[in-house]
Structure formats: structure tokens, C-alpha cells
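Below is one structure, written out as C-alpha cells; the observations come after it.
2 protein chains.
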Amino acid sequence: MHKGWGVAPSQPLNFDPIEEARRQWHDHGWTEAAEGMALVTSIIRAQQIYLARIDAELRPLDLTFARFEILTLLSFTRHGLLPMSKIGARLQVHPTSVTSSVDRLEEQGLVRRRAHETDRRTTLVEILPPGRRVLKKATAALNDRVFASPGVSKKETAALFTLLRSLRANEGDFSE
Amino acid sequence: MHKGWGVAPSQPLNFDPIEEARRQWHDHGWTEAAEGMALVTSIIRAQQIYLARIDAELRPLDLTFARFEILTLLSFTRHGLLPMSKIGARLQVHPTSVTSSVDRLEEQGLVRRRAHETDRRTTLVEILPPGRRVLKKATAALNDRVFASPGVSKKETAALFTLLRSLRANEGDFSE
Numbered sequence: 135m136h137k138g139w140g141v142a143p144s145q146p147l148n149f150d151p152i153e154e155a156r157r158q159w160h161d162h163g164w165t166e167a168a169e170g171m172a173l174v175t176s177i178i179r180a181q182q183i184y185l186a187r188i189d190a191e192l193r194p195l196d197l198t199f200a201r202f203e204i205l206t207l208l209s210f211t212r213h214g215l216l217p218m219s220k221i222g223a224r225l226q227v228h229p230t231s232v233t234s235s236v237d238r239l240e241e242q243g244l245v246r247r248r249a250h251e252t253d254r255r256t257t258l259v260e261i262l263p264p265g266r267r268v269l270k271k272a273t274a275a276l277n278d279r280v281f282a283s284p285g286v287s288k289k290e291t292a293a294l295f296t297l298l299r300s301l302r303a304n305e306g307d308f309s310e
Numbered sequence: 135m136h137k138g139w140g141v142a143p144s145q146p147l148n149f150d151p152i153e154e155a156r157r158q159w160h161d162h163g164w165t166e167a168a169e170g171m172a173l174v175t176s177i178i179r180a181q182q183i184y185l186a187r188i189d190a191e192l193r194p195l196d197l198t199f200a201r202f203e204i205l206t207l208l209s210f211t212r213h214g215l216l217p218m219s220k221i222g223a224r225l226q227v228h229p230t231s232v233t234s235s236v237d238r239l240e241e242q243g244l245v246r247r248r249a250h251e252t253d254r255r256t257t258l259v260e261i262l263p264p265g266r267r268v269l270k271k272a273t274a275a276l277n278d279r280v281f282a283s284p285g286v287s288k289k290e291t292a293a294l295f296t297l298l299r300s301l302r303a304n305e306g307d308f309s310e
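Listed in order, the protein sequences are those of chains G and F. Under this note's numbering, read the first sequence as residues 135 to 310, first letter to last. Under this note's numbering, read the second sequence as residues 135 to 310, first letter to last.
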């Protein structure tokens, strides 16, 4: 077990509040929606847990997970650069979010915007050496202290990934 | 399939970007962290998908999911009221978040704060009739258009819930 809670500095409850909500849903006759409510609420809670653990690692490096993801994506390309539009598509975030994250990364001196050599309508984002250095530290911290211990067994991790992949595909994130 | 994406108004990708990230993790030798990274990123993405669907239903009612959850919790009590501290513990959110949500609900005339009759240090929050009315609409909208169709089959919903329950328990949300 990790620090637990993550978002609320309290004692663990002695019952599962989401099970309790599900029971209430059934008691109110909302049977068709009860299991979905429990799932959606569980996903939201799991995200809060992980994000709190991630933020604890990234805050000392003055990064957010959104900015970490952009740096990671850029670092994986051959020349360390990508068009703005491609960053949004790959990270599945709205263009305005990409813009504000890139603004901040540029202020921090971790990336720079560049004009495309042939297509003047395209803005490229390039990771800079300080960006690569902070990314290396961030990746090591997240790998060691979050991703290597996601709170479930290897088998459960694989099962969850597969089920969530089906969810993401069904909701239109990607097609195969 | 629903509107898809939820957060990014684009075409679906023709590959799974999280699978691709996982492959990159393995290629970089971060093997111990690769599966956890894929899980954590999938949870964050699933949360974005659901939250976008929830927000689309609640925005016309001028509610957020956090405020919906507080109203729901109050409505489930015998007298429609709870101490502030209990709301935070049950919803597993930080006291400052509860305070700002209750402030907003009070401005909207949906709840009111009351002094506790015997314990003066305790502030109670009470749901008001307009709160019950908007909650009824919000619950119907979410039940019909989000919770009854969470994007996976009934069997997958149950499997996901069980796995996420194990994750939440291991991370210290509750003990049994």
C-alpha cells in the first residue's frame, strides 16, 4: 500500500463507499444504471489516486502530467519535433490544452516553437536539451515510484489494461 | 459507440496510442514500468472520456460531478443533511474541495449550511427543495445517457468494477 487516499488525508473508511452508492442505486430502482454508475465512479476515483501519486513526483520538477506527456511524445520522435496538431491527436487532448501546455513548456525553456520549413501553416514544437534532461528525471521518478507499482498485481494490471482498451475503442478513441 | 473522444473533436486514430507508448517503454528498456504506465494512462484516458460525457449532461443543469455527488449523498440521508467533514470522508475528497463545492451549491440555493444543534464546532449541510429538484433531473440524465451505457458489456463492467475495487482497497481507500 502507498500513501493511500492521495487526495484526502484521512483514515480509510471501513466500508467501500462506491459499493454503498451502488446499493443505494439498486434500492432506488435505478437498476439499469447501477453497475455503470459504480464503474464510472470507480474510474474517476482510480484516476484521482494515480494523479495524486503522479503529481507528488512531478511537482518538484515543476511539471504536470500533461506537460510530461508532451515531452515524452517529442522525445520519441526521430528529430525531437512534431506539429502542434499531431500532439493533440496523439495525446487525445483538445488543441487549446496543447497550446497552453506548450506555452508553459516554452516559458520554462523546455521546448521551442518553430516554423515548418515548407508548410507555413504548420507550427512545429521541438524539445530542447533542458527538456530532455528534466524528462529523464521525471521518467525515472514515475517509472520507479508510480508505474512499477500500480497498486494491483501483474495479472490484474494486464486484465485491467485489456478491459480499458475495449472501453477506449468502443468510445471511439481509435479503430483497428 | 457514443460521440467518441469526448475531449478531442477529431477522427479516431487508426492505432491505439497507449499500446504504442507501451511498445516505446519496452524499447527503452523500462520493462518493469511499461505495463503500469499503460494501465495508469488508460485510467486517465477513461476518466477523461466519462467526465466529458458527464459534463455534457450536467452543464445544462449548471452542475459539476463534484456538486452532483454532494447532492446525491445528502439526498440519501434520512433528514437530507450531513456534517461537512463526513461529506469529504465519504466522497474521498479534500476538505477544501468540499468547502468550495458547498459554497457554490449554497450560492445556487441548492443547499444551506446549518449549525449543529449540540456540537457547535460541526457545520451541517442540508439539501433544499430546489436541490432535490435539480438532482432528480441530473440523476435521470446521467442514469439514462451515461451510466446505463458505460461503453463496455455488462460482463466487462462487472470485471472492471471488481479489479478497480481491488486497486482502491490496495491504495488505502477503505479496509474490510
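Every residue, glycine too, gets a C-beta built ideally from N, C-alpha and C.
Point to revise | Buried/exposed call for F/Thr165, threshold 16 Cβ in 10 Å | key: To locate residue 165 of chain F, count along the second sequence from 1; it is residue 31. That one is exposed.
Review point. Out of F/Pro217, F/Asn304, F/Leu185, F/Leu244, which has the shortest C-alpha to C-alpha gap to F/His250?
Key: For the purposes of this step, residue 250 of chain F is taken as residue 116 along the second sequence, with counting starting at 1. When only C-alpha atoms are compared, the closest one is F/Pro217.
Review point. Can you name the residues that DSSP bridges to G/Ala249?
Key: Within the first sequence, numbered from 1, the residue matching residue 249 of chain G stands at position 115. Paired residue(s): G/Thr257.
**Study point:** 8 Å contact criterion, which F/Gly243 and F/Pro229 should meet: CB distance rounded
**Key:** Taking the first residue of the second sequence as position 1, residue 243 of chain F is located at position 109. Taking the first residue of the second sequence as position 1, residue 229 of chain F is located at position 95. About 23 Å; that fails the 8 Å criterion.
Practice item. Excluding the 5 residues preceding and the 5 following F/Ile221 in the sequence, name in chain order all residues of the same chain whose CB lies nearer than 7 Å to its CB. Key: Numbered from its first residue, the second sequence carries residue 221 of chain F at position 87. Contacts found: Ile204, Leu207, Val232, Val259.
Practice item. Buried or exposed for F/Gly163, please, with buried defined as at least 16 other CB atoms from any protein chain shown within 10 angstroms of its CB. Key: As a working note, residue 163 of chain F is residue 29 in the second sequence. Answer is exposed; the Cβ neighbour count stays below 16.
**Study point:** Completely contained alpha helix (DSSP H) runs for the stretch 144-193 of chain F, where each covers 4 or more residues
**Key:** 151-161, 165-192
Exercise for review: For F/Glu191, decide whether its Cβ has a neighbour in chain G, counting only Cβ atoms nearer than 8 Å.
Suggested key: Against the second sequence, residue 191 of chain F aligns to sequence position 57. False, the Cβ-Cβ gap to chain G never drops below 8 Å.
Exercise for review: Report the neighbours of F/Glu290 on chain G: residues whose CB is nearer than 8 Å to its CB, in chain order.
Suggested key: Looking up residue 290 of chain F in the second sequence gives position 156. Chain G residues near F/Glu290: Leu297, Ser300, Leu301.
Practice item. Would you verify that the beta carbon of F/Ser235 is, or is not, closer than 8 Å to some beta carbon of chain G? Key: Indexing the second sequence from 1 puts residue 235 of chain F at position 101. So, not an interface residue.
Exercise for review: Kindly provide the ranges of any alpha helix (DSSP H) runs that are 4 or more residues long and lie completely inside the stretch 208-240 of chain F, ordered along the chain.
Suggested key: 218-225
Point to revise | Min CB distance F/Phe202 to chain G below 8 Å | key: Here the question's residue 202 of chain F lines up with position 68 in the second sequence. Not closer than 8 Å to any Cβ of chain G, the Cβ of F/Phe202 fails to qualify, so no.
Review point. For chain G, is any of its Cβ atoms less than 8 Å away from the one on F/Arg179?
Key: By 1-based counting over the second sequence, the position of residue 179 of chain F is 45. Answer yes: the Cβ-Cβ gap between F/Arg179 and chain G drops below 8 Å somewhere.
Check your understanding: Buried or exposed: F/Asp253, going by 16 or more other Cβ atoms within 10 Å of its Cβ?
Key -> Working through the second sequence from its first residue, we reach residue 253 of chain F at position 119. Exposed, because fewer than 16 other Cβ atoms sit within 10 Å of the Cβ of F/Asp253.
Check your understanding: F/Val245 CB to nearest chain G CB: under 8 Å?
Key -> Sequence index remark: in the second sequence, residue 245 of chain F carries index 111 (1-based). No, F/Val245 lies away from the interface with chain G (no Cβ there is under 8 Å from its Cβ).
Review point. Can you find a CB in chain F that lies within less than 8 Å of the CB of G/Glu195?
Key: Here residue 195 of chain G is taken as the residue at index 61 of the first sequence, counted from 1. First, the residue type needs correcting, since residue 195 of chain G is Leu and not Glu in the sequence shown. No, G/Leu195 does not count as interfacial toward chain F.
Practice item. Please name the residues in the stretch 210-233 of chain G whose beta-carbon is closer than 7 Å to at least one beta-carbon of chain F, in chain order. Key: Phe210, Gly222, Ala223, Arg224, Gln226, Val227, His228
**Study point:** Neighbouring residues, chain F, relative to G/Glu241 (Cβ below 9 Å)
**Key:** Along the first sequence, read from residue 1 onward, the residue named residue 241 of chain G stands at position 107. Within chain F, no residue comes near G/Glu241; the closest Cβ sits about 24 Å away, beyond 9 Å.
**Study point:** Euclidean distance between Cα positions of F/Asp150 and G/Phe149
**Key:** Mapped onto the second sequence, residue 150 of chain F falls at position 16. Mapped onto the first sequence, residue 149 of chain G falls at position 15. Looking at the two C-alpha atoms, the distance is approximately 36 Å.
Point to revise | Minimum C-alpha distance to G/Trp240 - residue among G/Leu225, G/Ser219, G/Leu262 | key: Position 106 of the first sequence, counted from the start, is the residue given in the question as residue 240 of chain G. In the sequence as presented, Trp is not what sits at residue 240 of chain G; that position holds Glu. Nearest C-alpha to G/Glu240: G/Leu262.
Review point. Just curious, the alpha helix (DSSP H) that F/Gly265 is in, first and last residue?
Key: As a position in the second sequence, residue 265 of chain F is number 131, starting the count at 1. Where F/Gly265 is concerned, the enclosing alpha helix (DSSP H) stretches over 263-276.
**Study point:** Partners in chain G for F/Ala172, counting only beta-carbon separations shorter than 7 Å
**Key:** Stepping through the second sequence from its first residue, residue 172 of chain F is reached at position 38. Result: Phe295.
Check your understanding: Of all the CB atoms in chain F, is at least one closer than 8 Å to the CB of G/Ala272?
Key -> Counting from 1 along the first sequence, the entry for residue 272 of chain G is found at position 138. Cβ-Cβ to chain F under 8 Å: no for G/Ala272.
**Study point:** Beta-carbon neighbours of F/Asp150, restricted to chain G and to distances below 8 Å
**Key:** Sequence index remark: in the second sequence, residue 150 of chain F carries index 16 (1-based). Result: Arg299, Arg302, Ala303, Asp307, Phe308, Glu310.
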